[in-house]
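Taking the working numbering, the leading residue of the sequence shown gets 354, the next gets one more, and so forth.
Think of the CB as a built atom: it goes at the ideal place given N, C-alpha and C, for glycine as much as any other residue.
Report on the following structure.
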Amino acid sequence: MISIQRIPIRGQAAHIHPHVSEGQQYLVGGVNSPVRAFKHVGGEPLWLSRSRAAQGWDDRGTRYIDFIMGWGALILGHNPPPVLRALRSRLSKGMLLGLTHEAEAELAKLIVDAVPSVEQVRFAVSGTEACMTAVKIARAHTGRTKTLMFDGGYHGHGESVMAGQSAGLPAVLEGSVVTVPFNDPAAFDEAMRQHGADVACVLIEPVAANMGVVPPEPGFLSHLRERTTKAGIILIFDEVVTGFRLGLGGAQGLFGIPADLTTFGKIIGGGLPIGAVGGSRWLMQRLAPEGDVYHGGTFAGHPLSMAAGVATLKELRDNPPYERIEQLADDTAEGLTALGRRHGVAVRINRAGSMLTIFFSEGPVRSKSEARAARKDRFAQWANGLRSAGVLVPPSPLEALFVSSAHTRRHIEGLLRASHTVFKSMEA
Ligand SMILES: *Cc1c(COP(=O)(O)O)cnc(C)c1O
């Protein structure tokens with residue numbers, strides 16, 4: 354018999370169910386991914402038990418309008434019927450085949466057809482893995498070791514992209530990552546002058562979504578494209594968020610700037626775990642078994658993820674929701690801006706397509722340092738106020754709200770109504 358000593362949890366919210374509070378002690382911080390702890394807004398993890406379309410419910414039946422949307426993965430909303438149908442059909446034929454199957458090629462083709470710079474795809478289980486693998490291909494191809502990245506970019510938690518941001522890394526990685534401010538071509542050029550000869554790849558979120566939404570300034574991406582081509586450096590677009598979010602072609606389709614390697618995740622898995630790296634055939638051929646860069650996985654190309662991904666990308670291709678969800682996101686941005694003006698609360702809304710971030714800031718936000726300068730206390734007040742009103746927004750000022758095709762005008766009105774109450778309480 355194992356007896357488990359129950360440790361009382363301090364500061365436990367009264368509404369949390371006993372089994373939920375008990376669960377907190379078995380999970381580090383009560384979560385499996387740090388941002389879910391709501392620490393950035395001084396809150397407690399929210400335990401959801403059910404979700405459908407644009408809404409989620411906790412286990413007491415409290416309903417929330419969801420703008421977290423699986424951190425961007427759920428562009429068709431929670432449990433969209435085409436994806437459910439595909440999953441049921443797949444389940445009836447077997448879950449894990451352990452060998453190659455048709456849907457892997459089908460999903461790869463859907464990506465290749467949508468993204469001109471991609472001729473071949475390798476599937477993985479997370480965006481983290483996709484970014485790790487892309488960096489390895491770039492190093493192998495160039496024979497160089499350094500990765501040039503941008504302050505505020507997030508590329509998963511692989512060791513090669515975490516230098517300086519996590520404990521537990523080997524000293525040999527020190528200096529392997531060079532970080533420059535986003536949207537600063539002069540700083541980029543300076544870093545290239547210093548390190549260019551050792552740089553294997555430039556790794557960037559073409560529209561940043563992990564310092565809040567920060568679009569590239571006009572000319573910034575084309576500057577990177579030109580410089581990397583000239584220096585024989587691999588340009589990696591991390592489109593884990595933007596892929597199939599900013600249109601079928603992602604950010605590179607929107608701006609007309611091709612990457613050498615592209616990483617995907619989130620949307621392409623239709624709500625199931627996935628990651629992918631894609632690029633030209635000659636570059637992708639570096640991967641084993643054709644080449645010398647190792648990547649593999651028990652669950653790579655998992656039949657359920659492939660089925661959900663195929664159903665999602667077909668739906669996006671055949672019934673593109675982009676115009677409608679971008680309009681809803683624009684209405685949200687306009688509404689929040691108007692509320693700020695009405696109540697004398699300084700806000701800046703950064704929007705790209707159907708994703709947006711509210712910064713409680715006087716000035717524009719074009720980089721991580723400007724994002725960090727926005728008022729966190731007000732953001733927390735807003736996010737917590739919305740949560741109490743049944744509207745879920747990401748519990749961090751450096752994340753994005755996502756509008757899905759399951760959202761309607763009424764959901765946007767719900768967000769704006771709750772925001773109105775919060776903004777009113779902020780009036781001087
Ligand atoms: C989410 C994310 C990743 C990591 O993907 P995981 O599936 O969480 O490992 C990488 N890059 C970007 C831009 C992301 O937003």
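In the three-state scheme derived from DSSP, where H, G and I count as helix and E and B as strand, V744 is classed as strand. Counting only the Cα atoms, R389 lies some 12 Å from G395. About 5 Å separates the beta carbons of A705 and V566, which is inside the 8 Å limit, making them a contact pair. Residue ranges of uninterrupted beta strand (DSSP E) with 3 or more members, entirely inside the stretch 599 to 681 and ordered along the chain, are 614 to 617 and 628 to 632. For A426 against I620, the beta-carbon gap comes to about 6 Å, under 8 Å, which counts as contact.
A699 sits in coil when the DSSP states are folded into three classes, being neither helix nor strand. Around the beta-carbon of Y647, fewer than 16 other beta-carbon atoms lie within 10 Å, marking it exposed. W424 has its CB nearer than 7 Å to a heavy atom of ligand 1. DSSP places G480 in the uninterrupted alpha helix (DSSP H) bounded by G480 to T495. Bounds of the alpha helix (DSSP H) holding I765 are R762 to M779. DSSP, reduced to helix, strand and coil, places K583 within a helical segment of the structure shown. In the structure shown, the three-state DSSP call for W400 is coil. Distances taken from the Cβ of C484 to the heavy atoms of ligand 1 include one shorter than 7 Å. Note on geometry: alpha-carbon atoms of R492 and H764 lie some 46 Å from one another.
Scanning its chain for C-beta atoms nearer than 8 Å, with the 5 sequence neighbours on each side dropped, one finds around D537 the residues S720, in chain order. Here the C-alpha atom of V700 lies approximately 42 Å from the C-alpha atom of R438. Taking each of D730, A691, G716 and L754 in turn and checking the Cα distance to R770, the smallest one comes out for A691. Per DSSP, the continuous beta strand (DSSP E) segment holding I711 begins and ends at M708 to F712.
Across the set F420, L380, M422 and L401, the C-alpha of L401 shows the shortest separation from the C-alpha of D412.
G451 places its beta carbon 8 Å or farther from that of T481. Here DSSP, grouped into helix, strand and coil, assigns G409 to strand. T453 carries a coil assignment under DSSP once its states are collapsed to helix, strand and coil. With respect to H696, F776 sits close: the two C-beta atoms are nearer than 8 Å. Following the DSSP letters along the chain, one finds K499 inside the beta strand (DSSP E) bounded by residues K499 to F503. Going by DSSP, F476 is part of the beta strand (DSSP E) stretching over Q473 to A477. CA-CA distance, A483 to M779, rounds to 42 Å.
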